[in-house]
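Enquirer: When you line the sequence shown up against my numbering, it's residues 8 to 239, in that order.
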Amino acid sequence: MEQNARPSQGTILVVDDEPDIVSLLEEYFSSQGFRVLTALDGETALKRAEHSPDLIVLDVGMPFMDGYAVCRRLREHLSCPIVFLTARVEDVDALEGFEAGADDYVLKPFSLAVLGARVRAHLARESRHQAKAEVRFDGDLVIDYRARTVQVAGTPVELTRREFDIAAFLAKHAGQVFERERIHERVGGWENESDPQVVTEHIRRIRKKLAAAGLAHDPIETIWGMGYKWRA
Numbered sequence: 008m009e010q011n012a013r014p015s016q017g018t019i020l021v022v023d024d025e026p027d028i029v030s031l032l033e034e035y036f037s038s039q040g041f042r043v044l045t046a047l048d049g050e051t052a053l054k055r056a057e058h059s060p061d062l063i064v065l066d067v068g069m070p071f072m073d074g075y076a077v078c079r080r081l082r083e084h085l086s087c088p089i090v091f092l093t094a095r096v097e098d099v100d101a102l103e104g105f106e107a108g109a110d111d112y113v114l115k116p117f118s119l120a121v122l123g124a125r126v127r128a129h130l131a132r133e134s135r136h137q138a139k140a141e142v143r144f145d146g147d148l149v150i151d152y153r154a155r156t157v158q159v160a161g162t163p164v165e166l167t168r169r170e171f172d173i174a175a176f177l178a179k180h181a182g183q184v185f186e187r188e189r190i191h192e193r194v195g196g197w198e199n200e201s202d203p204q205v206v207t208e209h210i211r212r213i214r215k216k217l218a219a220a221g222l223a224h225d226p227i228e229t230i231w232g233m234g235y236k237w238r239a
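(1) From what residue to what residue does the beta strand (DSSP E) around Gly91 run?
(2) Looking at the secondary structure, which residues open and close the beta strand (DSSP E) in which Gly234 lies?
(3) Is Thr51 helix, strand or coil when you go by DSSP?
(4) Would DSSP call Thr207 helix, strand or coil?
(5) Within 10 Å of its beta-carbon, does Gly182 have 16 or more other beta-carbons around it, so buried, or fewer, so exposed?
(6) Within a Cβ cutoff of 7 Å, which residues of the same chain sit near Asp73, ignoring the five residues on either side of it in sequence?
(7) May I ask which residues mark the beginning and end of the alpha helix (DSSP H) holding Ala46?
(8) Have a look at Asn11 and Arg155 and give me their C-alpha separation to the nearest angstrom.
(9) Quick check on DSSP: helix, strand or coil for Pro26?
(10) Which term fits Asn199, buried or exposed, when burial requires 16 or more other beta carbons within 10 angstroms of its beta carbon?
(11) How big is the Cα-Cα spacing for Val90 and Ala219?
(12) Counting only runs that start and end within the segment 136-169, where is the alpha helix (DSSP H) found for 4 or more residues in a row?
(13) Sorted by chain position, which residues of the same chain lie with C-beta nearer than 6 Å to Glu186's C-beta, five sequence neighbours on each side aside?
(14) Indicate the three-state DSSP secondary structure (helix, strand or coil) for Glu228 in the structure shown.
(15) Below 6 Å CB to CB, which residues in the same chain sit around Val206 once its five sequence neighbours on both sides are set aside?
(16) Using the three-state DSSP reduction, which class does Leu222 fall into: helix, strand or coil?
(17) Which stretch, first to last residue, makes up the alpha helix (DSSP H) that contains Val64?
In structure tokens form, the structure reads like this:
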């Protein structure tokens with residue numbers, strides 16, 4: 008269930024295959040002023056994550072796609088805090104969670120007060136880092152990942168949603184080479200654009216728009232026979 012308004016507290020995505028836990032957390036966080044998105048399985052969680060939640064509470068022990076797999080998929084696109092809910096206490100499980108991209112974990116059965124405190128602490132820390140969402144590159148190129156904007160020497164560059172996703176993905180992994188197929192897979196959400204060849208056309212348009220805005224150098228390097236990389 009989604010609330011219509013977006014309270015100032017932010018948005019939390021709650022993912023658990025137990026409906027009672029989802030309902031409990033939805034009621035609790037809603038009462039605390041949060042907008043709450045919910046999912047009972049991994050696939051639904053990935054779709055809900057398209058709404059850019061500020062924090063995700065994610066159960067580990069789900070069937071079909073467990074929390075570790077969901078977390079890895081989410082980390083391809085999202086940097087928000089992810090808090091695992093888990094009944095496993097072994098160190099190896101905690102380590103696997105952190106390696107998958109989790110920021111914290113809370114053991115079941117859990118205290119709502121403790122979970123709420125953990126969530127607020129992570130959101131407060133994230134708020135302090137918001138200024139870092141804006142990254143400046145050579146040639147007065149600035150990408151604001153949170154606002155999803157690009158500027159060259161203060162001039163806005165109007166990229167489409169897909170163009171921004173590709174530029175942001177490459178910029179976040181500066182120096183790494185990605186094949187077209189890999190970019191197509193990692194960026195995701197292509198709808199009718201099922202052919203990885205479209206990546207080449209999007210990159211051509213990104214380059215053209217950046218150059219038209221006055222950027223002297225091309226930040227995206229073509230590595231012939233291999234793919235593309237953002238110049239580090």
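The beta-carbon is built from N, C-alpha and C at its ideal position, and this holds for glycine as well.
Expert: Reading off the structure:
(1) It should be pointed out that residue 91 corresponds to Phe in this sequence rather than to Gly. Ile89 to Thr93 is the extent of the beta strand (DSSP E) around Phe91.
(2) Gly234 to Trp237
(3) helix
(4) helix
(5) exposed
(6) Val67
(7) Careful: Ala46 lies outside any alpha helix (DSSP H), inside the beta strand (DSSP E) at Arg42 to Ala46.
(8) Because Asn11 carries a pLDDT of 41, less than 50, the predicted location of this residue cannot be relied on, and the following value inherits that uncertainty. The alpha-carbon atoms of Asn11 and Arg155 are separated by roughly 23 Å.
(9) helix
(10) The pLDDT assigned to Asn199 is 44, lower than 50, so where the model puts this residue is not dependable, and the model offers no usable value.
(11) 43 Å
(12) none
(13) Gly234
(14) strand
(15) Arg187, Ile190 and His191
(16) coil
(17) Element bounds for Val64: not the alpha helix (DSSP H) but the beta strand (DSSP E), Leu62 to Asp66.
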